[in-house]
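Novice: In order, the protein sequence lines correspond to chains A and B.
FYI, the numbering for the first sequence is 1 to 113, going by the numbering used here.
FYI, the numbering for the second sequence is 114 to 226, going by the numbering used here.
2 protein chains.
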Amino acid sequence: MDNTSVVKALAALAQESRLAIYRTLVEVGPSGMPAGKISESTGISPSSLSFHMKELTYSNLVTSRHESRFVIYSANFSTMNEVLGFLTENCCGGNPCVSTSTQTCLINEEQVS
Amino acid sequence: MDNTSVVKALAALAQESRLAIYRTLVEVGPSGMPAGKISESTGISPSSLSFHMKELTYSNLVTSRHESRFVIYSANFSTMNEVLGFLTENCCGGNPCVSTSTQTCLINEEQVS
DNA sequence: TCCATATTTCAATATTAGTTGAAATATTAA
DNA sequence: TTAATATTTCAACTAATATTGAAATATGGA
Chain A
1 MDNTSVVKAL AALAQESRLA IYRTLVEVGP SGMPAGKISE STGISPSSLS FHMKELTYSN
61 LVTSRHESRF VIYSANFSTM NEVLGFLTEN CCGGNPCVST STQTCLINEE QVS
Chain B
114 MDNTSVVKAL AALAQESRLA IYRTLVEVGP SGMPAGKISE STGISPSSLS FHMKELTYSN
174 LVTSRHESRF VIYSANFSTM NEVLGFLTEN CCGGNPCVST STQTCLINEE QVS
């Protein structure tokens, strides 16, 4: 993962509304949540939400799928893991240094890393 | 760690210059680096660097100490770990879900978590 | 003390980000 | 086809951020 992608991801999360949205999606897991319900449960207006979802999608932290007239958003766990890896990479210049970060979700018999 | 602190930390890192500074400090480890050398090795002007260091310090991602007329900055690993924890917290709403994140640095016989 | 070095502060400017409400688009149900 | 629902787009406005260069502050050495 390159510098620019990491900055994009961090910038996407560095905002109260988007952080709240992202955490909501992390908690709900891979099944995701439709835009309207995100708007409702976070108190963010639909128009503003759409703006923020674009940021989160663009940074690859969430993905979306269509289901009839709903747009279902869900957290993309692998992007987050790459970001975490980047931030702790090459820690302490070769001196004894351990850095691990794993995130595993098991839902509906399916493992999403 | 509360919402606002996490947003502050993420905002601090969501900027090319500051991300470069932070990674430089992570790589060098707890011994840190003086402002002038950071400026030199990242190509950020002293005045601009000072602005960014204030952001990073304010968000508690780096700390500073004085050594004669130098100001030595170093990464604060525990803040980063708290941020990582926050982002992966309560993953997948109670379903089987594992989230671990550790960062350990061993330098000069001293362990910095 | 006086000068050089290290860093920070400040003002000016340019750019980017977030919110609002109204209008547009798309899908489904009657 | 018409109406209702779900979501996105747009324009206008406001606020926050980043960069630059000059000046200020602080420390240490000659």
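Every residue gets a Cβ at the ideal spot worked out from N, C-alpha and C, and that includes glycine.
Can you name the start and end residues of the alpha helix (DSSP H) that residue 27 (chain A) belongs to?
Specialist: 16-28
Novice: Kindly give me the distance between the Cβ atoms of residue 42 (chain A) and residue 20 (chain A), rounded to whole angstroms, as I take these residues to be in contact under 8 Å.
Specialist: 5 Å
Novice: If you draw a straight line from the alpha carbon of residue 115 (chain A) to that of residue 200 (chain B), how long is it in whole angstroms?
Specialist: Examination of residue 115 (chain A) is not possible in this model, given that chain A is present from 1 through 113 alone.
Novice: Kindly indicate which residue of A:44, A:46, A:80 and A:35 has the alpha-carbon position closest to the one of residue 69 (chain A).
Specialist: A:35
Novice: For residue 71 (chain A), write down the residues that DSSP places opposite it in a beta bridge.
Specialist: A:66
Novice: Compare the C-beta of residue 25 (chain A) against all C-beta atoms of chain B and say whether one is closer than 8 Å.
Specialist: It does not: the Cβ of residue 25 (chain A) has no partner Cβ on chain B nearer than 8 Å.
Novice: What residues match up with residue 146 (chain B) in a beta bridge as DSSP calls it?
Specialist: B:186
Novice: Give the residues of chain A in contact with residue 129 (chain B), contact being defined as C-beta atoms less than 9 Å apart.
Specialist: Annotation: Cβ neighbours of residue 129 (chain B) in chain A (cutoff 9 Å, chain order): 3, 4 and 7.
Novice: Using 8 Å for Cβ pairs, my map puts residue 172 (chain B) next to residue 186 (chain B). What's the rounded Cβ distance?
Specialist: Going by Cβ atoms, the distance from residue 172 (chain B) to residue 186 (chain B) rounds to 13 Å, so no, they are not a contact pair.
Novice: Pull out every residue of the region 197-208 of chain B whose Cβ sits closer than 7 Å to any Cβ of chain A, in chain order.
Specialist: 197, 200, 201, 203, 204, 205, 206 and 208
Novice: On the CB-based measure, 16 or more other CB atoms within 10 Å of its CB, does residue 114 (chain A) come out buried or exposed?
Specialist: With chain A represented from 1 up to 113, any question about residue 114 (chain A) goes unanswered, as that position is not in the structure.
Novice: For residue 126 (chain B), which three-state DSSP category applies?
Specialist: Helix.
Novice: Is there a Cβ from chain B that is less than 8 Å from the Cβ of residue 80 (chain A)?
Specialist: Under the Cβ criterion of 8 Å, residue 80 (chain A) is counted among the residues facing chain B.
Novice: Where does residue 44 (chain A) sit, in a helix, a strand or coil, going by DSSP?
Specialist: Residue 44 (chain A) falls in the coil class under three-state DSSP.
Novice: My output table needs one value for residue 118 (chain B): the three-state DSSP class, helix, strand or coil.
Specialist: helix
Novice: So residue 13 (chain A) contacts chain B; which residues on that side make the cut at Cβ distance below 7 Å?
Specialist: 123
Novice: With a threshold of 16 other CB atoms inside 10 Å of the CB of residue 93 (chain A), please say whether the residue is buried or exposed.
Specialist: exposed
Novice: Distance, Cα to Cα, residue 57 (chain A) vs residue 115 (chain B)?
Specialist: 24 Å
Novice: Relative to the C-alpha of residue 7 (chain A), which residue among A:47, A:44 and A:61 is closest?
Specialist: A:61
Novice: Check this for me: beta carbons of residue 122 (chain B) and residue 11 (chain A), under 8 Å apart or not?
Specialist: no
Novice: Since I believe residue 168 (chain B) is in contact with residue 91 (chain A) (beta carbons under 8 Å), could you give me their beta-carbon distance rounded to a whole number of angstroms?
Specialist: 21 Å between Cβ atoms; not a contact.
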